[in-house]
Amino acid sequence: MHNSHAKAFAPSQDRKDGKINLIGLSRDEIGNLFAERGLQAFRVKQVWQWIYGRGATDFDAMTNLAKAVRAQLADEFVIERPRVKQAQNSVDGTAKWLLQFDDDQEVETVHIPEADRGTLCVSSQVGCTLTCKFCMTGTQKLVRNLSAGEVVGQIMLARDAFGEWPTPTDGSRQLTNIVLMGMGEPLYNYENVAKAMRIVMDPDGLAFSKRRITLSTSGVVPELRRCGTELNVNLAISLHAVNDEIRSEIMPINKKYPLKELLGACRDYPGVSNARRITFEYVMLKGVNDSLADARELVRILRGIPAKINLIPFNPWPNSPYECSAPMTITKFQDVLARAGLSAPVRTTRGEDISAACGQLKSESVRQRKPRPHDHLRAQVAAVG
92 MHNSHAKAFA PSQDRKDGKI NLIGLSRDEI GNLFAERGLQ AFRVKQVWQW IYGRGATDFD
152 AMTNLAKAVR AQLADEFVIE RPRVKQAQNS VDGTAKWLLQ FDDDQEVETV HIPEADRGTL
212 CVSSQVGCTL TCKFCMTGTQ KLVRNLSAGE VVGQIMLARD AFGEWPTPTD GSRQLTNIVL
272 MGMGEPLYNY ENVAKAMRIV MDPDGLAFSK RRITLSTSGV VPELRRCGTE LNVNLAISLH
332 AVNDEIRSEI MPINKKYPLK ELLGACRDYP GVSNARRITF EYVMLKGVND SLADARELVR
392 ILRGIPAKIN LIPFNPWPNS PYECSAPMTI TKFQDVLARA GLSAPVRTTR GEDISAACGQ
452 LKSESVRQRK PRPHDHLRAQ VAAVG
C-alpha cells in the first residue's frame, strides 16, 4: 500500500524547463533516454563515470565526449544537486545543510566527523510519515517522499563540499559512512531509497560498501524483509521501549507492527551475525523507559539477536513532553546491559547547538500548503504510522 502512495507523490525527474535530471536514474533508464535520442550505448558508461566517479556538474566537463554530443546532452538533460539554502557548522565540527528542491520543499542533511570516520545523515522524506512523540521531526507532517535523485543528491552535495571527487584513496576521506537516519521513515519510501542505494553501492557509482551504509527504521516489517533480501545494508532499529504498551504510546507504528513481529523480522534479517550486528536505538526518557526493570527486559527480548544498543540521551526541543533521564540513571541502565554481555555505548550528542542532533531535524520553513489531490493519502499514511 505504502509503495503505491510513494509513487503517487514522489516528484518526477522532469523540470519546468523540460530537461531531465540524470542524477538518480538507473543505467537502464539513462540508456533508454539516450537510445531515444540516437546516442550510442557506450555513452551511458562515459556519462555515468563522469557523474558518479568524477562529480561532474555539467556536460562541458566531459572532455572524452565529442563537442556535438555534449551540446546535445546539455540541451536535453541536467546534472543537478539540491540547492543549499543554508549551511551551518557546529562548534564540534558537525555540519548541517538545509537543502531545497525544485518545488521549494526542504530537508536537512547532517555530516558528523569522528576520529575514524565521517558519517552523513541522509533524509528520505520531506517531513515524516510517523508521529513518534519524542521526535521533533515527527511534528512536521509528511509532505512528500524524496525521489531517488534527491536522496543521492544529498550525498553528492556533501562530496562537493569536501572536494572528494574522485574518491580519495589515501585515507583522507571525510565522508566514509552513510546513515539513512535523517528526516522521514526510509522504509515508507522504499522504492526510491532502494534505487538511490543501488547507485550509492555501485562500484562505478558512488562505490560505498553495503557495510558502510546503515538504514534506520521504526520497524516497517514487510519492507524490512525486502530491504534485507535486496539491499542487505546494515540495520538500525528505533526501539525505544521494551513492551507494546509503552512503545505504542510513544511510537504509534507499534500498533501496526508490534514488538514480537518486529523482533522476529530482526532475527530473520539476512547476514546478521556477531560480526554484523543490528543496532537498536534507545532514547532515554525520564520515568518512561529508563528503569532497571526496563533494562532487564531489554536484555530478555533481544536474546538470540546479535545486537548492539545505542543509548541516546533525549535531546529536548520546544514544548516536547519528555525530559532526558538523569546521567546516573543512564549509567545504571547501561551497567545492566553490560553485565549481560551487550555492547551499549551512550551516544554523544552532536551538533546540538545547530539543532542537528537526533530527533531535532525539521525544515526551517514548514510551508503552508493548499490541499492537493493526494493529501488524503498523506493523512492516511500518517495515521497508520
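So the sequence shown is numbered by the numbering used here: it starts at 92 and just counts up by one. Heads up, the beta-carbon is just placed ideally off N, CA and C, and yes, glycines get one too.
Pop quiz: residue i and residue j are said to be a contact at Cβ under 8 Å. What is the actual Cβ separation, rounded to whole angstroms?
| i | j | result |
| --- | --- | --- |
| residue 264 | residue 276 | Rounded, the Cβ-Cβ distance is 29 Å, inconsistent with contact. |
| residue 307 | residue 327 | 4 Å |
| residue 371 | residue 398 | 6 Å |
| residue 233 | residue 218 | 5 Å |
| residue 415 | residue 407 | 7 Å |
| residue 350 | residue 312 | Not confirmed; about 11 Å, so no contact. |
| residue 301 | residue 324 | 5 Å |
| residue 317 | residue 281 | 7 Å |
| residue 110 | residue 168 | 6 Å |
| residue 141 | residue 152 | 7 Å |
Taking the beta carbon of residue i as the centre, do at least 16 other beta carbons fall within 10 Å, making it buried, or is it exposed?
| i | result |
| --- | --- |
| residue 335 | exposed |
| residue 171 | buried |
| residue 182 | exposed |
| residue 375 | buried |
| residue 173 | buried |
| residue 131 | exposed |
| residue 314 | buried |
| residue 177 | exposed |
| residue 419 | exposed |
| residue 470 | The pLDDT assigned to residue 470 is 27, lower than 50, so where the model puts this residue is not dependable, and the model offers no usable value. |
| residue 296 | buried |
| residue 235 | buried |
| residue 319 | buried |
| residue 123 | exposed |
| residue 150 | buried |
| residue 197 | buried |
| residue 260 | exposed |
| residue 435 | buried |
| residue 305 | buried |
| residue 228 | buried |
| residue 439 | exposed |
| residue 192 | buried |
| residue 133 | exposed |
For residue i, list the residues DSSP reports as bridge partners.
| i | result |
| --- | --- |
| residue 188 | 178, 200 |
| residue 394 | Bridge partners of residue 394: none, in fact. |
| residue 370 | 327, 399 |
| residue 150 | Bridge partners of residue 150: none, in fact. |
| residue 211 | 202, 269 |
| residue 404 | 375 |
| residue 305 | 270, 325 |
| residue 434 | 399 |
| residue 169 | 112 |
Below 8 Å CB to CB, which residues in the same chain sit around residue i once its five sequence neighbours on both sides are set aside?
| i | result |
| --- | --- |
| residue 200 | 187, 188, 190, 211, 212, 213, 214, 245, 248, 249, 273 |
| residue 383 | 423, 424, 427 |
| residue 257 | 144, 145, 146 |
| residue 337 | 379, 380 |
| residue 121 | 113, 135, 138, 139 |
| residue 155 | 137 |
| residue 359 | 316, 319 |
| residue 97 | Below a pLDDT of 50, predicted positions are generally treated as unreliable, and residue 97, at 38, falls in that range; the measurement from the model is reported next regardless. The answer, listed in chain order, is 236, 279, 280, 281, 282, 283. |
| residue 161 | 150, 151, 153 |
| residue 421 | 375, 381, 402, 404, 437 |
| residue 163 | 128, 130 |
I want to see whether chain C comes within less than 9 Å of residue i, judged by CB atoms only; does it?
| i | result |
| --- | --- |
| residue 341 | This model lacks chain C altogether; it includes just one protein chain. |
Leaving out five residues before and five after residue i in sequence, what residues of the same chain have Cβ atoms less than 7 Å from its Cβ?
| i | result |
| --- | --- |
| residue 287 | 115, 239, 242, 243 |
| residue 285 | 321, 322 |
| residue 386 | 424, 427, 428 |
| residue 125 | 134, 135 |
| residue 355 | none |
| residue 412 | 224 |
Once you ignore the five residues that flank residue i on each side, which residues in its own chain have a CB closer than 6 Å to its CB?
| i | result |
| --- | --- |
| residue 357 | 369, 396 |
| residue 184 | 204 |
| residue 278 | 308, 311, 314 |
| residue 195 | none |
| residue 389 | 333 |
| residue 268 | 208, 210, 303 |
| residue 466 | Residue placement at residue 466 cannot be trusted, given a pLDDT of 30 that sits under 50; what the coordinates show is reported in the next sentence. So no residue of the chain qualifies. |
Do the stretch 342-357 and the stretch 219-228 make contact, defined as three or more Cβ pairs closer than 8 Å?
yes
Does the pairing of the stretch 401-419 with the stretch 351-364 give three or more beta-carbon distances under 8 Å?
Output reads no: the stretch 351-364 does not touch the stretch 401-419.
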